[in-house]
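Asks: Numbering (the numbering used here), first residue to last: 178 to 499. Yeah, the Cβ is synthetic: ideal placement off N, Cα and C, and Gly gets one too. Please find one structure pasted underneath; my questions will follow.
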């Protein structure tokens, strides 16, 4: 009952904050461009609702400041970036510092292990940001992924973190009311960056305290991580600047190849639900077979990715004739 009440409050806080942001919709507008998928000017900053709900309900749930303070800092820097386009090195420095703060607070370990943990969390931050490029996509992933985290923390007796996660999930679901295609507002860095921090940081922490095995968090967020990682590797191999905006992600290729935004997002949402449900079911009932399930699901994602690649190749073959 407490989690249900928290979810309701988080959804209301998120919706109210976004509605307030929309009253100033003529300020902070993303214009359509050759590196974006939207076709009309759309305000950004909808992630403020998610951040407000996370801070308010996370504090209510008793989440430690080590989670809430970085969310606030990352949101503030990302809000500035949404408006001012801050340098990449400055943003990355804040991401690394936030990740390092969490790792050091919970016990550092060897320098190599510390570096690996910080990189994993920082990559999650940026992967989330990379995947916030289509109506409904990042909000759907947050709603599904953090709901799965909430179940994982609840079964481990971590009530405060379960409350924090259910707040993020409910706030993200509320955001979808404004962001489903055609979007009235975008999440923006102010929402994507803190969400990525919590996805990576809480995923790592849950494993650290034994709330779930190592495979659980990557399996929950597998579609996002697969798309972002494969796309980054491809661009790096071509010698491109991987931090620059582009339209080469799988979800972007689907839209550019003919899928409507909502049709694409529904397919992604089904894949997200399937993977997160598999992770939760294995955690609760067949944890010993987790790595087998994770490997099998990874193979499914590879097959789906190859299918999108083939469809994209056919699209590129016919596009010049149009």
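For the putative contact between residue 251 and residue 374, defined by C-beta atoms under 8 angstroms, what is the C-beta separation to the nearest angstrom?
Replies: Sequence index remark: in the chain shown, residue 251 carries index 74 (1-based). Sequence index remark: in the chain shown, residue 374 carries index 197 (1-based). Confirmed, about 6 angstroms.
Asks: Should residue 256 be labelled buried (16 or more other beta-carbon atoms within 10 Å of its own) or exposed?
Replies: Position 79 of the chain shown, counted from the start, is the residue given in the question as residue 256. Classification of residue 256: buried, given that the 10 Å Cβ count is 16 or more.
Asks: In this structure, how does DSSP classify residue 220 when only helix, strand and coil are distinguished?
Replies: The residue you call residue 220 lines up with position 43 of the chain shown. In this structure, residue 220 counts as strand in the three-state DSSP scheme.
Asks: Is the beta carbon of residue 322 closer than 8 angstroms to that of residue 376?
Replies: Here the question's residue 376 lines up with position 199 in the chain shown. Here the question's residue 322 lines up with position 145 in the chain shown. Closer than 8 angstroms, so yes.
Asks: Can you name the start and end residues of the alpha helix (DSSP H) that residue 183 belongs to?
Replies: Position 6 of the chain shown, counted from the start, is the residue given in the question as residue 183. 179-199 is the extent of the alpha helix (DSSP H) around residue 183.
Asks: Could you please give the first and the last residue of the uninterrupted alpha helix (DSSP H) stretch that includes residue 492?
Replies: Here residue 492 is taken as the residue at index 315 of the chain shown, counted from 1. From DSSP, the alpha helix (DSSP H) with residue 492 extends over 467-495.
Asks: Taking only three categories from DSSP, how would you classify residue 207?
Replies: Counted from its first residue, the chain shown places residue 207 at position 30. Residue state, collapsed to three classes: strand.
Asks: What did DSSP end up calling residue 287 once you bin it into helix, strand or coil?
Replies: To locate residue 287, count along the chain shown from 1; it is residue 110. Coil.
Asks: Can you confirm whether the stretch 347-354 touches the stretch 418-432 when touching is taken to mean that 3 or more C-beta pairs between the two stretches lie within less than 8 angstroms?
Replies: no
Asks: Using the Cβ count rule (16 or more neighbours within 10 Å means buried), how would you classify residue 287?
Replies: For the purposes of this step, residue 287 is identified with residue 110 of the chain shown, where counting begins at 1. So residue 287 counts as exposed.
Asks: Just curious, the alpha helix (DSSP H) that residue 314 is in, first and last residue?
Replies: For the purposes of this step, residue 314 is taken as the residue at position 137 of the chain shown. Residues 314-332.
Asks: Alpha carbon to alpha carbon, what distance is there between residue 329 and residue 233?
Replies: Position 56 of the chain shown, counted from the first residue, corresponds to residue 233. Position 152 of the chain shown, counted from the first residue, corresponds to residue 329. Roughly 22 angstroms separates the two Cα atoms.
Asks: Are three or more beta carbon pairs between the stretch 307-319 and the stretch 444-457 nearer than 8 angstroms?
Replies: yes
Asks: Secondary structure at residue 420, three-state DSSP: helix, strand or coil?
Replies: Taking the chain shown and counting its residues from 1, the one referred to as residue 420 is at position 243. It is coil, neither helix nor strand.
Asks: For the stretch 369-435, list the beta strand (DSSP E) runs that are entirely contained and at least 3 residues long, ordered along the chain.
Replies: Secondary structure within the stretch 369-435: not one fully enclosed beta strand (DSSP E) run of 3 or more consecutive residues is present.
Asks: Rounded to whole angstroms, what's the CA-CA distance from residue 494 to residue 434? Just pull it up for me.
Replies: Start at 1 with the first residue of the chain shown, and residue 494 comes out as number 317. Start at 1 with the first residue of the chain shown, and residue 434 comes out as number 257. Those two C-alpha atoms are separated by around 11 angstroms.
Asks: Which residue comes first and which comes last in the alpha helix (DSSP H) that contains residue 341?
Replies: Against the chain shown, residue 341 aligns to sequence position 164. Residues 336-356.
Asks: Between residue 464 and residue 390, which are expected to be in contact by the criterion C-beta below 8 angstroms, what is the C-beta distance as a whole number of angstroms?
Replies: On the chain shown, position 287 is the one that residue 464 refers to. On the chain shown, position 213 is the one that residue 390 refers to. For residue 464 against residue 390, the beta-carbon gap comes to about 6 angstroms, under 8 angstroms, which counts as contact.
Asks: Should residue 187 and residue 230 be called a contact, given that it needs their Cβ atoms to be closer than 8 angstroms?
Replies: Within the chain shown, numbered from 1, the residue matching residue 187 stands at position 10. Within the chain shown, numbered from 1, the residue matching residue 230 stands at position 53. For residue 187 and residue 230, yes; Cβs fall inside 8 angstroms.
Asks: Could you check whether the stretch 349-364 touches the stretch 294-307, counting it as contact only if at least three pairs of C-beta atoms, one from each stretch, sit closer than 8 angstroms?
Replies: Flag = no, the stretch 349-364 and the stretch 294-307 do not touch.
Asks: Identify the continuous alpha helix (DSSP H) that holds residue 450 and give its terminal residues.
Replies: Counting from 1 along the chain shown, the entry for residue 450 is found at position 273. Where residue 450 is concerned, the enclosing alpha helix (DSSP H) stretches over 438-462.
Asks: Buried or exposed for residue 406, please, with buried defined as at least 16 other CB atoms from any protein chain shown within 10 angstroms of its CB.
Replies: Taking the chain shown and counting its residues from 1, the one referred to as residue 406 is at position 229. Classification of residue 406: exposed, given that the 10 Å Cβ count is below 16.
Asks: By how many angstroms is the C-alpha of residue 352 removed from the C-alpha of residue 184?
Replies: Position 7 of the chain shown, counted from the first residue, corresponds to residue 184. Position 175 of the chain shown, counted from the first residue, corresponds to residue 352. Approximately 13 angstroms, taken between the alpha carbons.
Asks: If we call anything under 8 angstroms between Cβ atoms a contact, is residue 362 one with residue 222?
Replies: For the purposes of this step, residue 362 is taken as the residue at position 185 of the chain shown. For the purposes of this step, residue 222 is taken as the residue at position 45 of the chain shown. Residue 362 is a Cβ neighbour of residue 222, given a cutoff of 8 angstroms.
Asks: Would you check if the distance between the CB atom of residue 238 and the CB atom of residue 320 is smaller than 8 angstroms?
Replies: On the chain shown, position 61 is the one that residue 238 refers to. On the chain shown, position 143 is the one that residue 320 refers to. For residue 238 and residue 320, no; Cβs fall outside 8 angstroms.
Asks: What residue does the alpha helix (DSSP H) around residue 359 start on, and which one ends it?
Replies: Indexing the chain shown from 1 puts residue 359 at position 182. Neither: residue 359 is in no alpha helix (DSSP H) and is coded neither H nor E.
Asks: Taking residue 203 as the reference, give the member of 220, 196, 193 and 191 with the closest Cα.
Replies: Residue mapping note: residue 203 aligns to position 26 of the chain shown, counting from 1. Cα-wise, what sits closest to residue 203 is 220.
Asks: Just checking my contact of residue 400 with residue 452 at CB under 8 angstroms: how many whole Å lie between their CB atoms?
Replies: One-based indexing of the chain shown puts residue 400 at position 223. One-based indexing of the chain shown puts residue 452 at position 275. About 6 angstroms; that satisfies the 8 angstroms criterion.
Asks: If you draw a straight line from the alpha carbon of residue 478 to that of residue 403, how long is it in whole angstroms?
Replies: Along the chain shown, one-based indexing puts residue 478 at 301. Along the chain shown, one-based indexing puts residue 403 at 226. Approximately 8 angstroms between the Cα atoms of the pair.
Asks: On the DSSP letters alone, give me the boundaries of the alpha helix (DSSP H) that residue 276 sits inside.
Replies: Start at 1 with the first residue of the chain shown, and residue 276 comes out as number 99. From DSSP, the alpha helix (DSSP H) with residue 276 extends over 265-282.
Asks: Give me the residue from 383, 475, 437 and 439 with the minimum Cα distance to residue 455.
Replies: One-based indexing of the chain shown puts residue 455 at position 278. With distances taken between Cα atoms, residue 455 lies closest to 475.
Asks: At the level of alpha carbons, what is the spacing between residue 264 and residue 421?
Replies: Position 87 of the chain shown, counted from the first residue, corresponds to residue 264. Position 244 of the chain shown, counted from the first residue, corresponds to residue 421. Computed Cα separation, rounded: 11 angstroms.
Asks: Excluding the 5 residues flanking residue 498 on each side, which residues of the same chain have their C-beta closer than 7 angstroms to its C-beta?
Replies: Numbered from its first residue, the chain shown carries residue 498 at position 321. Summary for residue 498: the model assigns pLDDT 45, below 50, so the residue's position carries little reliability; its value from the coordinates is reported in the next sentence. Cβ within range, chain order: n/a, list empty.
Asks: Within a Cβ cutoff of 8 angstroms, which residues of the same chain sit near residue 419, ignoring the five residues on either side of it in sequence?
Replies: Translated into the one-based positions of the chain shown, residue 419 becomes position 242. 409, 412 and 413, listed in sequence order.
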